[in-house]
Amino acid sequence: MTSDWHGAWTGALDELELDVAHIESMLADEHRYAETPPASLWKPPTELGALPLELKPRADEILTRQLKAAEEIARRLTANRRQTAVTARIETGEAIKRPVYVDRAM
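Mapped onto my numbering, the consecutive letters of the sequence shown carry residue numbers 1163 to 1268.
Printed below as a string of structure tokens:
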């Protein structure tokens, strides 16, 4: 039972680590990210019980990597919003109808 429990947790952490490694590699290569279909959401396994104590350092490292990747995604989203706002303000060169003269005598 103990080896099955440990093995189940090891498998769950393997799957979670692959997910974060995939995100990290997409962040490193923006062109690949644009061509990669969205991944399915990771779902925590059920009925595993408590995490084995010897796997806690690995789980903590995966969590740290996930948080770092999420922070980088948030930073890039903010940069994209700023770039979109600046781009929206750039004139396209098309004729813009603006008043040239305003008669204030009236």
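Think of the CB as a built atom: it goes at the ideal place given N, C-alpha and C, for glycine as much as any other residue.
Where does residue i sit, in a helix, a strand or coil, going by DSSP?
{"i": "Ala-1212", "result": "coil"}
{"i": "Asp-1191", "result": "coil"}
{"i": "Arg-1166", "result": "In the sequence as displayed, the identity of residue 1166 is Asp instead of Arg. Asp-1166: helix per DSSP, three-state reduction."}
{"i": "Ala-1267", "result": "coil"}
{"i": "Trp-1204", "result": "coil"}
{"i": "Ile-1224", "result": "helix"}
{"i": "Ile-1252", "result": "coil"}
Let me check understanding here. Comparing Cα to Cα, which of the options lies closest to residue i?
{"i": "Arg-1220", "options": "Ile-1185, Tyr-1263 and Leu-1178", "result": "Leu-1178"}
{"i": "Ala-1231", "options": "Val-1182, Leu-1203 and Ala-1250", "result": "Val-1182"}
{"i": "Leu-1160", "options": "Trp-1167, Glu-1186 and Ser-1165", "result": "The question about residue 1160 has no answer, for the chain in this structure spans 1163 to 1268."}
{"i": "Ser-1165", "options": "Pro-1214, Arg-1266, Arg-1243 and Thr-1249", "result": "Pro-1214"}
How many Å lie between residue i and residue j at the Cα?
{"i": "Arg-1227", "j": "Leu-1189", "result": "12 Å"}
{"i": "Trp-1171", "j": "Asp-1222", "result": "14 Å"}
{"i": "Leu-1225", "j": "Gln-1245", "result": "30 Å"}
{"i": "Arg-1251", "j": "Glu-1234", "result": "26 Å"}
{"i": "Leu-1180", "j": "Ala-1247", "result": "35 Å"}
{"i": "Leu-1202", "j": "Tyr-1263", "result": "Reading the sequence as shown, one finds Ser at residue 1202 and not Leu. Using only the alpha carbons, I get a separation of about 59 Å."}
{"i": "Glu-1209", "j": "Trp-1167", "result": "10 Å"}
{"i": "Ala-1241", "j": "Asp-1191", "result": "17 Å"}
{"i": "Arg-1243", "j": "Lys-1205", "result": "30 Å"}
According to the Cβ coordinates, are residue i and residue j closer than 9 Å?
{"i": "Leu-1309", "j": "Leu-1175", "result": "The displayed coordinates of the chain run from 1163 to 1268. Any statement about residue 1309 would go beyond what the structure contains."}
{"i": "Pro-1207", "j": "Gly-1169", "result": "no"}
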